[in-house]
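Worksheet for the structure shown next.
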Amino acid sequence: MFNDIIVKNFSNPEFAAEIDNATNTIELGNPVCGDRIKVQLHIEDGVIKKANYAAWGCATSLATGNVFCSHIHGAACSDIQSMDKANIENMLGELDPSQHHCLEMLHKLFEKLQHTIAVQ
Amino acid sequence: MTTQGYFDYNATTPVCSEAVNAFINAVTQYANPSSKYGLSKTSNEIINDARAQVATLIGADTGEVFFTSGGTESNNWAIKGAFFQQLKISSTRNHLIVSEMEHSSVLEVCAFLEREFDCTVTRLKPDSEGIVSVAAVANALRPETLLVSVMMVNNEVGSLQPIRDIAALLDDRASQQKNLHDQKIHFHVDAVQAVGKIPVDVRDLGVDTMSFSGHKFYAPKGIGGLYIRQGIKITPLLHGGGQERGLRGGTEAIASVAAMGAAAQVTVNTLNDQVVYLAKYRELLRSELLSVVPGVYFHGPANKALQAPNTLSVCIPGIRAEALAALLDNMHGIQVSLGAACSNNKSVALSHVLLSMGLDEDAVKATLRVSIGQYTTESDIHRFVQAVVTGVTTLFRISKPASQSYVTTA
Numbered sequence: 001m002f003n004d005i006i007v008k009n010f011s012n013p014e015f016a017a018e019i020d021n022a023t024n025t026i027e028l029g030n031p032v033c034g035d036r037i038k039v040q041l042h043i044e045d046g047v048i049k050k051a052n053y054a055a056w057g058c059a060t061s062l063a064t065g066n067v068f069c070s071h072i073h074g075a076a077c078s079d080i081q082s083m084d085k086a087n088i089e090n091m092l093g094e095l096d097p098s099q100h101h102c103l104e105m106l107h108k109l110f111e112k113l114q115h116t117i118a119v120q
Numbered sequence: 121m122t123t124q125g126y127f128d129y130n131a132t133t134p135v136c137s138e139a140v141n142a143f144i145n146a147v148t149q150y151a152n153p154s155s156k157y158g159l160s161k162t163s164n165e166i167i168n169d170a171r172a173q174v175a176t177l178i179g180a181d182t183g184e185v186f187f188t189s190g191g192t193e194s195n196n197w198a199i200k201g202a203f204f205q206q207l208k209i210s211s212t213r214n215h216l217i218v219s220e221m222e223h224s225s226v227l228e229v230c231a232f233l234e235r236e237f238d239c240t241v242t243r244l245k246p247d248s249e250g251i252v253s254v255a256a257v258a259n260a261l262r263p264e265t266l267l268v269s270v271m272m273v274n275n276e277v278g279s280l281q282p283i284r285d286i287a288a289l290l291d292d293r294a295s296q297q298k299n300l301h302d303q304k305i306h307f308h309v310d311a312v313q314a315v316g317k318i319p320v321d322v323r324d325l326g327v328d329t330m331s332f333s334g335h336k337f338y339a340p341k342g343i344g345g346l347y348i349r350q351g352i353k354i355t356p357l358l359h360g361g362g363q364e365r366g367l368r369g370g371t372e373a374i375a376s377v378a379a380m381g382a383a384a385q386v387t388v389n390t391l392n393d394q395v396v397y398l399a400k401y402r403e404l405l406r407s408e409l410l411s412v413v414p415g416v417y418f419h420g421p422a423n424k425a426l427q428a429p430n431t432l433s434v435c436i437p438g439i440r441a442e443a444l445a446a447l448l449d450n451m452h453g454i455q456v457s458l459g460a461a462c463s464n465n466k467s468v469a470l471s472h473v474l475l476s477m478g479l480d481e482d483a484v485k486a487t488l489r490v491s492i493g494q495y496t497t498e499s500d501i502h503r504f505v506q507a508v509v510t511g512v513t514t515l516f517r518i519s520k521p522a523s524q525s526y527v528t529t530a
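If you're matching them up, the sequences are chains P and C in order. Take the first sequence: its letter number 13 is residue 13 in my numbering, and every next letter is one higher. Take the second sequence: its letter number 331 is residue 451 in my numbering, and every next letter is one higher.
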């Protein structure tokens, strides 16, 4: 069963799109279940002006891409850098054991984003 | 409760009104059927009538029908019962043959016997259409083979197995090997997905034991049965109480038994028509999907006569069926089954049936099982296909550039 956050995000994935003028790309794959998420970013003046994603995988992983983009779209890079794991932990709501790999993917997406911002 | 979005009749069926009424009428009959006073007469009659109705459905004598809690129990009982019966005579006859695509209630019993007892199991691969060949069974036979268990209709792809021919093979082998063994090889058939969906006649098939489950043909959950051919001996399942002719003790679930009897009666009256229109709807579903979902294909027998009329195994390359099923459920109130699902962080549960047919992981993950039944209407099929188109379009929008069109409109 899916919680309301997951249902809302996979049934209406408003951030599923491509960016023509992306400045950065984050990609992630789960070797066990084959889920893939690719996030394109347009970062300018210390702000994530645009975040869009493409994903292939289970419903929860599709929702994860959208949840990630919705949290970072329009955010200041400094705010992203100050986030810790506790901020991310509840973003997907309560998950079944079969959906927990998506929370791991979400944590990894944030890690990769923080790394991307740090090396800019 | 509406059934217009229900496309998972192989998982279970809605309970028909006749079964509900029979249940309600019987549930107030509180007298224990085993008691000897007059009050028990009605309870006994209810059970006897239901046994006759079920026997008619499968072409058995009433004395050959044993009520159980359902298919899993019946499969467990038949295989363990035949194994332990043989063990009383000789422990050297200890080889079992099953197909790889059996239900887990067959596969796991065999694995248990293999693990705990001195017994070997041959697991036969079906072909790419999901059919186990008679030749494969013949090649696997050994002098010490005790039991063969093959399902009649596969639950995921609907393929019909050559039960009659396997039974004939085992009969032939028994007559040739009379000197080696006194008993013929026990032939068990899991007919859970067959009884109520296609005509089943145990005499015609020539099986020794056969499982069936009420909730697959519009009876409630928790009631089913095992056909045991007259003269075939298997050890009791539940000791004590003496019910079911001493083989399966426990006070009868009168209301559930009555409900299954009523559902069996309805099925006897309607099955011939159902087989025709379900096959028509399945083909409508197939042709509509083919016309609007590019690349879609189907697993199972190319010869449609070798497939249960209500089942369609649908593969849509490039999508994850689990995600499509979630969209169908949450956006359209449509229920289907899957060939694969994430089970935890470390693994994905892939259908053993589809894998046994030689499908690769991507194809298994892209497969939906669609099964229809007596409440499915033509407009339900149209609505289903539209929902699939919408869902597939959404999934491709997420996974591919939005500018590319992967699905045509209906």
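Beta carbons are placed, not taken as given, at the ideal position from N, Cα and C, and that holds for glycine.
For residue i and residue j, I'd like the C-alpha separation in whole angstroms.
i: Y397(C); j: G190(C); result: 27 Å
i: V91(C); j: T514(C); result: The first residue shown for chain C is 121 and the last is 530, placing residue 91(C) beyond what the model contains.
i: A86(P); j: F110(P); result: 12 Å
i: S540(C); j: I454(C); result: Beyond the ends of chain C as shown, which are 121 and 530, falls residue 540(C); an answer cannot be given.
i: E276(C); j: R489(C); result: 6 Å
i: T387(C); j: G438(C); result: 39 Å
i: I343(C); j: Q363(C); result: 15 Å
i: G511(C); j: I352(C); result: 51 Å
i: L426(C); j: V252(C); result: 12 Å
i: K245(C); j: A258(C); result: 13 Å
i: N196(C); j: A507(C); result: 39 Å
i: A445(C); j: R406(C); result: 17 Å
i: G57(P); j: L177(C); result: 44 Å
i: C435(C); j: S471(C); result: 13 Å
i: L106(P); j: F504(C); result: 33 Å
i: E228(C); j: F307(C); result: 18 Å
i: G125(C); j: C77(P); result: 46 Å
i: A379(C); j: C136(C); result: 9 Å
Would you list the residues sitting across from residue i in a DSSP beta bridge?
i: S433(C); result: H419(C), R489(C)
i: V273(C); result: L280(C)
i: E44(P); result: V47(P)
i: Y126(C); result: Q455(C)
i: I199(C); result: Answer is none; I199(C) lacks a bridge partner.
i: A460(C); result: L470(C)
i: Y53(P); result: A16(P), V39(P)
Is it the case that the CB of residue i approaches a heavy atom of the ligand GTP more closely than 7 Å?
i: L410(C); result: No copy of the ligand GTP appears in this structure; indeed no ligand is present at all.
Find the nearest neighbour of residue i within the set the options, judged by alpha-carbon distance.
i: V147(C); options: I286(C), R323(C), P421(C), E372(C); result: E372(C)
i: Q494(C); options: V508(C), A383(C), H419(C); result: A383(C)
i: I5(P); options: P31(P), T60(P), N24(P); result: T60(P)
i: R440(C); options: D291(C), L458(C), M451(C); result: L458(C)
i: V473(C); options: T212(C), I209(C), S224(C), T176(C); result: S224(C)
i: S519(C); options: L103(P), P97(P), L106(P), G65(P); result: G65(P)
i: L62(P); options: H101(P), Q114(P), C77(P), V119(P); result: H101(P)
i: I80(P); options: V7(P), L113(P), D45(P); result: L113(P)
i: K485(C); options: H419(C), K424(C), N423(C); result: H419(C)
i: M330(C); options: E408(C), S279(C), V268(C), N423(C); result: V268(C)
i: L391(C); options: A172(C), K317(C), P263(C), Y157(C); result: K317(C)
i: A339(C); options: I305(C), A180(C), T133(C); result: T133(C)
Residues in the same chain with beta-carbon distance under 6 Å from residue i, minus the five sequence neighbours each way, listed in chain order, please.
i: I72(P); result: I48, A51
i: G151(C); result: Note that residue 151(C) is Ala in the sequence shown here, rather than Gly. For A151(C), where only same-chain residues beyond five positions count, the Cβ hits under 6 Å are L159, S160, S163.
i: Q206(C); result: R213, L266
Who are the Cβ neighbours of residue i in its own chain at under 7 Å, not counting the five residues just before and after it?
i: I492(C); result: F127, Y129, L398, Y401, R402, N430
i: S248(C); result: M477, G478
i: G345(C); result: V174, V185, F186, F187, T188, S194, F332
i: N24(P); result: L41, I43, T116
i: E234(C); result: T240, V241
i: L289(C); result: V254, V257, A258
i: V226(C); result: N195, I199, V218, S269, D310
i: T496(C); result: Y401
Check the Cβ-Cβ distances between residue i and every residue of chain D, and say whether any is below 8 Å.
i: M451(C); result: The structure shown has no chain D; the protein chains it does contain are P and C.
Which same chain residues, not among the five before or five after residue i, have their C-beta less than 8 Å away from its C-beta?
i: N299(C); result: Note that N299(C) scores 45 on pLDDT, short of 50, meaning its location in the model is unreliable; the coordinates nonetheless yield the value given after this. Excluding residues within five positions, none has a Cβ falling inside 8 Å.
i: H359(C); result: G369
In chain order, each beta strand (DSSP E) run of at least 3 residues that lies wholly inside the segment 321 to 405 of chain C:
329 to 333, 344 to 348
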